[in-house]
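Worksheet: the structure to be examined is printed underneath.
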Amino acid sequence: MKLLSVIVPCYNEEESVADFYTELMKNKSFFDEKELEVEILYIDDGSKDGTAGEVKKLRERDERVHLISFSRNFGKEAGIYAGLQNAVGDYLVVMDVDLQDPPSLLPEMFRYIEEGYDSVATRRVTRKGEPILRSFFARMFYRLMRKISSTEIVDGARDYRLMTRQVADAILSMKEYNRFTKGIYGWVGFQTKWLEFENVERKKGETKWSFWKLLLYSLEGIVSFSTAPATFAAVMGVLFCILAFLLIVVIVIRTALFGDPVAGWPSLVCIISLISGVQLFCLGIVGQYVSKTYLEVKERPIYIVKEKL
Numbered sequence: 000m001k002l003l004s005v006i007v008p009c010y011n012e013e014e015s016v017a018d019f020y021t022e023l024m025k026n027k028s029f030f031d032e033k034e035l036e037v038e039i040l041y042i043d044d045g046s047k048d049g050t051a052g053e054v055k056k057l058r059e060r061d062e063r064v065h066l067i068s069f070s071r072n073f074g075k076e077a078g079i080y081a082g083l084q085n086a087v088g089d090y091l092v093v094m095d096v097d098l099q100d101p102p103s104l105l106p107e108m109f110r111y112i113e114e115g116y117d118s119v120a121t122r123r124v125t126r127k128g129e130p131i132l133r134s135f136f137a138r139m140f141y142r143l144m145r146k147i148s149s150t151e152i153v154d155g156a157r158d159y160r161l162m163t164r165q166v167a168d169a170i171l172s173m174k175e176y177n178r179f180t181k182g183i184y185g186w187v188g189f190q191t192k193w194l195e196f197e198n199v200e201r202k203k204g205e206t207k208w209s210f211w212k213l214l215l216y217s218l219e220g221i222v223s224f225s226t227a228p229a230t231f232a233a234v235m236g237v238l239f240c241i242l243a244f245l246l247i248v249v250i251v252i253r254t255a256l257f258g259d260p261v262a263g264w265p266s267l268v269c270i271i272s273l274i275s276g277v278q279l280f281c282l283g284i285v286g287q288y289v290s291k292t293y294l295e296v297k298e299r300p301i302y303i304v305k306e307k308l
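For the sequence shown, position 274 matches number 273 in numbering that gives the first Met the number 0, and the numbering has no gaps at all.
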């Protein structure tokens with residue numbers, strides 16, 4: 000029999016742990032029909048509530064349930080990586096515990112795997128229930144990434160993805176510390192089928208993704224999968240050097256023809272402020288790449304396990 004590993008990153012989700020298990024097990028007849036064994040890996044990302052305790056209760060009823068608890072909160076990217084690294088299935092699927100990734104899609108996703116696809120990914124076609132401002136900036140992010148990156152990052156893409164062991168091994172071969180899984184999925188390639196579904200609002204608990212966290216996450220993606228910002232900084236530097244040279248020529252000619260009047264200092268202050276602002280902005284862009292390199296060369300572990308069942 001083939002084994003399906005279900006990877007479920009969790010952070011302060013004690014209310015959703017049992018509900019997710021119940022919804023997933025509604026596919027029991029499908030698993031039996033396909034002769035699929037199932038293992039469920041809950042990755043407790045340093046939760047401060049009773050998430051780990053709820054998983055342990057499930058494990059007492061079903062030994063197919065496993066728990067990996069981190070020593071602290073390392074982030075969802077680390078949770079996904081840990082799940083892929085510890086799963087032993089022939090097929091692996093990453094799902095959110097809040098049921099915004101419908102387990103009911105699994106039969107259809109598996110059908111495409113049987114047809115020869117290496118992975119089946121999901122994307123939301125609507126953002127119903129999401130704040131308007133967040134939706135707007137999310138769309139702008141994906142539009143920007145399509146222009147500045149050669150890696151395919153699909154608008155509305157979820158982490159909900161069913162994949163073969165070969166795809167999972169390819170993802171695990173990318174051991175970078177600064178991880179942006181949506182970009183990694185696209186970078187490794189393989190034949191992928193995209194499934195579209197309507198946005199599903201979470202039934203319990205609250206989202207852990209604030210606007211600020213999403214903004215930082217988007218910057219992580221831009222720096223990880225595009226060098227366009229660094230190129231932009233270099234181009235801006237060249238343009239301002241050319242502008243400065245032209246201004247010097249203008250000033251020399253004006254002084255030779257009309258003398259050197261004192262008037263014009265307010266505009267001079269504005270120009271200096273503008274150039275200084277652009278310099279700091281470009282320095283910040285370069286600093287982002289340097290900081291990511293700094294973290295990579297430290298070779299710190301992506302996560303630390305506190306408990307494993």
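No residue lacks a Cβ here, since even glycine has one placed at the ideal position from N, Cα and C.
Please state if the CB of residue j and the CB of residue i are separated by a distance shorter than 8 Å.
| i | j | result |
| --- | --- | --- |
| Tyr315 | Leu66 | Outside the shown range of the chain (0 to 308) lies residue 315, about which nothing can therefore be said. |
| Ser219 | Phe179 | Note on residue identity: the sequence assigns Glu, not Ser, to residue 219. For Glu219 and Phe179, yes; Cβs fall inside 8 Å. |
| Phe19 | Leu104 | no |
| Gly155 | Val124 | yes |
| Ile6 | Val93 | yes |
| Leu83 | Val16 | no |
| Phe231 | Ile274 | no |
| Tyr159 | Asp95 | yes |
| Lys25 | Phe109 | no |
| Thr121 | Arg71 | no |
| Glu107 | Leu2 | no |
Return the chain-ordered list of same chain residues with a C-beta closer than 8 Å to the C-beta of residue i, the five sequence neighbours on each side being excluded.
| i | result |
| --- | --- |
| Leu115 | Rather than Leu, the amino acid found at residue 115 in this sequence is Gly. Around Gly115: Gln190. |
| Glu295 | Glu175, Tyr176, Asn177 |
| Gly49 | Glu13 |
| Ile183 | Ile170, Met173 |
| Glu139 | Checking the sequence shown, residue 139 turns out to be Met, not Glu. Cβ within range, chain order: n/a, list empty. |
| Ile284 | Pro228, Ala229, Phe231, Ala232 |
| Arg164 | Gly88, Asp89, Tyr90, Leu91 |
Under DSSP, the beta strand (DSSP E) around residue i begins and ends at which residues?
| i | result |
| --- | --- |
| Asp158 | 156 to 163 |
| Phe69 | 64 to 69 |
| Ser118 | 118 to 123 |
| Ile152 | No beta strand (DSSP E) contains Ile152, which DSSP labels as neither H nor E. |
| Ser4 | 1 to 9 |
Who are the near neighbours of residue i in its chain, counting only those whose CB is closer than 6 Å to its CB and skipping five residues on each side?
| i | result |
| --- | --- |
| Ser327 | The first residue shown for the chain is 0 and the last is 308, placing residue 327 beyond what the model contains. |
| Gly78 | Pro8, Ile42, Asp44 |
| Tyr302 | Phe69, Phe73, Ala77, Ala81 |
| Met162 | Leu91, Ser118 |
| Lys307 | Ile67 |
| Lys192 | Tyr111, Tyr116, Val119 |
| Leu23 | Pro102 |
| Lys75 | Pro8 |
| Ser4 | Glu38, Ala86, Gly88, Leu91 |
| Val166 | Asp117, Ser118, Phe189 |
What is the residue span of the alpha helix (DSSP H) that residue i lies within?
| i | result |
| --- | --- |
| Lys361 | Outside the displayed range of the chain (0 to 308) lies residue 361, so it cannot be described from this structure. |
| Ala310 | In the structure as shown, the chain begins at 0 and stops at 308. Residue 310 is therefore absent and cannot be evaluated. |
| Arg110 | 105 to 113 |
| Val93 | Unbroken run through Val93 is the beta strand (DSSP E), 90 to 93; no alpha helix (DSSP H). |
| Lys192 | Per DSSP, Lys192 belongs to no alpha helix (DSSP H); it is in the beta strand (DSSP E), 191 to 196. |
| Lys181 | 180 to 187 |
Between residue i and the rest of its own chain, which residues show a CB-CB distance below 7 Å, the 5 nearest in sequence each way excluded?
| i | result |
| --- | --- |
| Asn85 | Leu40, Ile67 |
| Tyr288 | Val222, Ala229 |
| Met235 | Val277, Cys281 |
| Lys305 | Ser68, Phe69, Ser70 |
TODO: Could you tell me whether the stretch 55 to 75 touches the stretch 29 to 39, using the rule of 3 or more Cβ pairs below 8 Å?
DONE: yes
Task: Length-filtered (4 minimum) alpha helix (DSSP H) runs lying within the stretch 24 to 54 - done: Runs found: 27 to 32.
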